[in-house]
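The structure under discussion appears below in the form of structure tokens.
In our numbering, the protein residues as written are 5 to 263.
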């Protein structure tokens with residue numbers, strides 16, 4: 005299991021919360037104290053809650069589900085994109101479109117449209133239409149790619165969400181809750197932790213903190229994928245051995261007992 009240390013958390017500034025005048029009282033159990041008007045997050049609790057979140061993400065992927073990483077604030081976009089791609093998961097790093105989960109059938113139609121335009125660009129269709137039509141298609145493709153590029157391969161709803169700043173991503177969290185999709189989130193001192201299934205108390209604004217958590221959750225996904233592949237391979241090998249061990253049935257010669 006990928007551990008997270010106090011040193012890593014301190015170096016990334018995970019312990020720095022928001023100003024004391026900008027806080028949610030529900031976060032009091034996760035706050036160590038205040039310094040110069042800034043809340044200090046209890047990193048011992050961060051380590052403990054992180055482990056639970058990591059184990060859950062790993063198990064979810066091991067069970068065959070995908071994780072949707074969500075981080076649309078500017079300082080989260082690059083880390084979310086890079087780490088999600090590394091882990092082979094899905095992501096939303098631009099504006100969250102209402103209904104992205106609760107109206108997934110419609111969203112999937114837009115994804116299919118994006119894939120169709122991409123295919124047209126590759127198969128030479130652009131050369132058979134006017135430059136104006138090709139330009140319009142390319143603009144449509146760019147717009148769809150910006151909004152849906154990170155979920156282009158998402159054939160079904162994710163097994164869980166990993167969210168940076170649930171206060172900003174409130175619509176995503178509400179949609180997940182409505183559908184019963186578990187939410188893992190980095191929760192700062194100004195957030196409401198009630199709607200989060202797996203809380204990771206920490207700074208959700210500092211780039212280094214965001215990158216640290218995104219990388220660790222990506223590691224959890226990779227570990228889960230590897231465990232799943234190993235289990236599938238072991239099952240296949242076991243089935244193969246069982247098949248080889250089952251030889252043809254040989255009819256026994258009846259034994260005649262003389263009186």
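Beta carbons are placed, not taken as given, at the ideal position from N, Cα and C, and that holds for glycine.
Please read these numbers as outputs of a predicted model, since none were measured by experiment.
Buried or exposed (CB count within 10 angstroms, at least 16 for buried), residue i
i           : result
residue 13  : buried
residue 29  : exposed
residue 25  : exposed
residue 179 : buried
residue 242 : exposed
residue 159 : exposed
residue 10  : exposed
residue 70  : buried
residue 21  : buried
CA-to-CA distance, residue j to residue i, given in whole angstroms
i           : j           : result
residue 80  : residue 235 : 34 Å
residue 123 : residue 203 : 41 Å
residue 31  : residue 43  : 10 Å
residue 220 : residue 164 : 16 Å
residue 195 : residue 170 : 7 Å
residue 34  : residue 128 : 57 Å
residue 18  : residue 156 : 32 Å
residue 233 : residue 240 : 11 Å
residue 40  : residue 208 : 19 Å
residue 8   : residue 210 : 17 Å
residue 140 : residue 60  : 44 Å
residue 58  : residue 134 : 51 Å
residue 116 : residue 109 : 11 Å
residue 177 : residue 185 : 9 Å
residue 132 : residue 150 : 26 Å
residue 15  : residue 126 : 46 Å
Residue i versus the options, residue with shortest Cα-Cα distance
i           : options               : result
residue 114 : 132, 99, 152 and 231  : 152
residue 68  : 187, 168 and 231      : 231
residue 56  : 238, 187, 192 and 209 : 187
residue 162 : 92, 77 and 199        : 92
residue 53  : 209, 200, 210 and 219 : 200
residue 98  : 141, 172 and 59       : 172
residue 96  : 40, 74 and 198        : 74
residue 191 : 27, 7 and 120         : 27
residue 154 : 23, 36 and 100        : 100
residue 264 : 168, 189, 240 and 18  : Nothing can be reported for residue 264, as the shown portion of the chain is limited to 5 through 263.
residue 148 : 135, 174, 118 and 133 : 118
residue 198 : 213, 214, 208 and 174 : 174
residue 106 : 181, 131 and 142      : 181
residue 36  : 145, 16, 205 and 72   : 205
residue 166 : 76, 237 and 121       : 76
residue 38  : 183, 72, 193 and 112  : 193
CB contact check: residue i to chain D, cutoff 7 Å
i          : result
residue 73 : Within the model displayed, chain D is absent; a lone protein chain is all it includes.
* To do: Decide if the segment 64 to 76 is in contact with the segment 46 to 55; the criterion is three or more beta carbon pairs, one per stretch, under 8 Å apart.
  => no
* Asked: How about the segment 82 to 100 and the segment 214 to 229: do they share at least three Cβ pairs that are nearer than 8 Å?
  -> yes
* Contained beta strand (DSSP E) runs [length at least 3] in the segment 148 to 214, N- to C-terminal order -> 164 to 168, 187 to 191 and 202 to 205
* Ranges of the beta strand (DSSP E) found wholly within the segment 82 to 151, counting only runs of at least 3 -> 94 to 96
* To do: With a floor of 3 residues, list each beta strand (DSSP E) that falls wholly inside the segment 210 to 239, ordered by position along the chain.
  => none
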